[in-house]
Amino acid sequence: GEDVEQSLFLSVREGDSSVINCTYTDSSSTYLYWYKQEPGAGLQLLTYIFSNMDMKQDQRLTVLLNKKDKHLSLRIADTQTGDSAIYFCAESILDNTDKLIFGTGTRLQVFP
Amino acid sequence: DTAVSQTPKYLVTQMGNDKSIKCEQNLGHDTMYWYKQDSKKFLKIMFSYNNKELIINETVPNRFSPKSPDKAHLNLHINSLELGDSAVYFCASSQGVRRDTGELFFGEGSRLTVL
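Chains as they are written, first to last, in our numbering: chain A, 2 to 113; chain B, 133 to 247.
In structure tokens:
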């Protein structure tokens, strides 16, 4: 199957860390991605991780990949109100289509 | 310069009408996509074209017809619009995972409302 699951909502206080989780199904995925969607806008890539890596850090963002459990997480340190958005994980499918399968999206709300 | 641009941004129309959404990318990518985002924000792929050739057609009703006049353009025509077609339609482009990281670059979306 090609289901990518995420919890739908996350609410955090400003300054705390946020952790958004994702479970994917295709063990042959070459890349896994985190996208951010702000209200009324398209999706923008935040970061990606190659499937042979366990962790990737990019400023306030840390991505952890557990291939055995097919689990991907995104940690945002020092969460700000501007981080409020919907976050999508996505996996690339290893076929000749170059399509990405997106998760159900997690709505992150940051309150003061 | 907008990398992936789609028009119109908003479209309100009556059931039964025919409408088109246009998309252009100036990134030099070979592959373009249409995704549909429903009211719950679920994002599903509809079509993909690689260098003007249809690659993906994900069980979309044949009222939806994509057209790619060249690799920089992918338009979406919808016949006999139904209430359930109301959604935000996103165009995207990519260089693919074999030549790059497979990152998709998205347009701003076209919100279609069918009354």
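The C-beta atom is built at its ideal place from N, Cα and C for all residues, glycine as well.
DSSP places leucine 236/B outside both helix and strand once states are collapsed to three, so it counts as coil. DSSP places proline 40/A in no beta strand (DSSP E); its state is neither H nor E.
Apart from sequence neighbours up to five positions away, the residues of its chain that approach glutamate 235/B with a beta-carbon distance below 7 Å are Ser226, ordered along the chain.
Distances from the alpha-carbon of lysine 176/B to those of Phe103/A, Gln110/A, Arg108/A and Leu109/A put Phe103/A closest. The C-beta distance from glutamate 15/A to valine 111/A rounds to 6 Å, short enough to meet the 8 Å contact threshold.
Think of a sphere of 7 Å around the beta carbon of alanine 42/A: the chain B residues whose beta carbon falls inside it are Glu240, in chain order. Residues of the segment 79-99 of chain A that bring their beta carbon within less than 7 Å of a beta carbon in chain B comprise Ile87, Phe89, Ser93, Thr98 and Asp99, in sequence order. Under the Cβ distance rule, threonine 191/B does not count among the residues neighbouring chain A, no pair being separated by less than 9 Å. The C-alpha of leucine 47/A is placed about 21 Å away from the C-alpha of aspartate 27/A.
Three or more Cβ pairs closer than 8 Å define a contact, and the segment 71-83 of chain A falls short of that threshold against the segment 169-188 of chain B. For glutamate 15/A, there is no enclosing beta strand (DSSP E), since its DSSP letter is neither H nor E.
According to the DSSP assignment, methionine 56/A belongs to the beta strand (DSSP E) that extends over 56-59. Along the segment 175-202 of chain B, going in chain order, the ones with a CB nearer than 7 Å to a CB of chain A are Leu175, Ile177, Ser180, Ile187 and Ile188. The beta carbon of threonine 245/B sits no closer than 9 Å to any beta carbon of chain A.
In this structure serine 74/A is in contact with cysteine 23/A, their Cβ atoms being roughly 7 Å apart against a cut-off of 8 Å. Here the segment 180-195 of chain B does not lie against the segment 232-247 of chain B, with fewer than 3 beta-carbon pairs under 8 Å apart.
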